[in-house]
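Peer 1:
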Amino acid sequence: MSPEEMWQLVERRRRRFIGTLITAAVLMFVGASAIGQIFGDRYGMITLLVVLIGALLFIWRDWRCPACQKGLGVEFRPRVCPNCGARLAPPGS
Ligand SMILES: [Zn+2]
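Counting along the sequence shown from 1, when you hit position 17 you're at 16 in numbering that gives the first Met the number 0, and nothing is skipped either side.
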């Protein structure tokens, strides 16, 4: 895999990571409070937890190094993979 391809893969995953965070935040604040209003606070809490766990699971599964498939942790812009050392920064930077 060329450095260019690696970078594009990581960048695409990073966008999905951000998109998941934003979607989860919106669902948690808007969805959970709406469901809480309609069905009661208990269901609002359950919705909150389900969204949170779902988002974390998705990020955990998706936010991985394209070279070794190991998790990249909470680092948002890793320059190199902490596991295999593959370069994840844009080529030429
Ligand atoms: Zn790696």
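Glycine residues also receive a C-beta, built at the ideal position from the N, C-alpha and C atoms.
Less than 7 angstroms separating the Cβ of ALA85 from some heavy atom of ligand 1?
Peer 2: Translated into the one-based positions of the sequence shown, residue 85 becomes position 86. The answer is yes for ALA85.
Peer 1: For ligand 1, is there a heavy atom less than 7 angstroms away from the beta-carbon of ALA88?
Peer 2: The residue labelled residue 88 in the question sits at position 89 within the sequence shown. Flag unset: Cβ of ALA88 not near ligand 1.
Peer 1: Given a threshold of 16 other Cβ atoms within 10 Å of its Cβ, counted over all protein chains shown, does THR22 qualify as buried or as exposed?
Peer 2: By one-based count along the sequence shown, residue 22 stands at place 23. Exposed, because fewer than 16 other Cβ atoms sit within 10 Å of the Cβ of THR22.
Peer 1: Alpha carbon to alpha carbon, how far is ILE17 from GLY72?
Peer 2: Locating residue 17 in the sequence shown gives position 18, where the first residue counts as 1. Locating residue 72 in the sequence shown gives position 73, where the first residue counts as 1. Between ILE17 and GLY72, the C-alpha separation is close to 14 angstroms.
Peer 1: Assign VAL79 to one of three DSSP states: helix, strand, or coil.
Peer 2: Residue mapping note: residue 79 aligns to position 80 of the sequence shown, counting from 1. Correct three-state label for VAL79: strand.
Peer 1: Verify the contact flag: ALA33, CB atom, against every heavy atom of ligand 1, threshold strictly below 7 angstroms.
Peer 2: If you number the sequence shown from 1, residue 33 lands on position 34. No, since every heavy atom of ligand 1 falls outside the 7 angstroms radius drawn around the Cβ of ALA33.
Peer 1: Can you give me the Cβ contacts of CYS83 inside the same chain, cut-off strictly under 6 angstroms, excluding the 5 residues immediately before and after it?
Peer 2: The residue you call residue 83 lines up with position 84 of the sequence shown. So the list reads ALA66, CYS67, once near-sequence residues are dropped.
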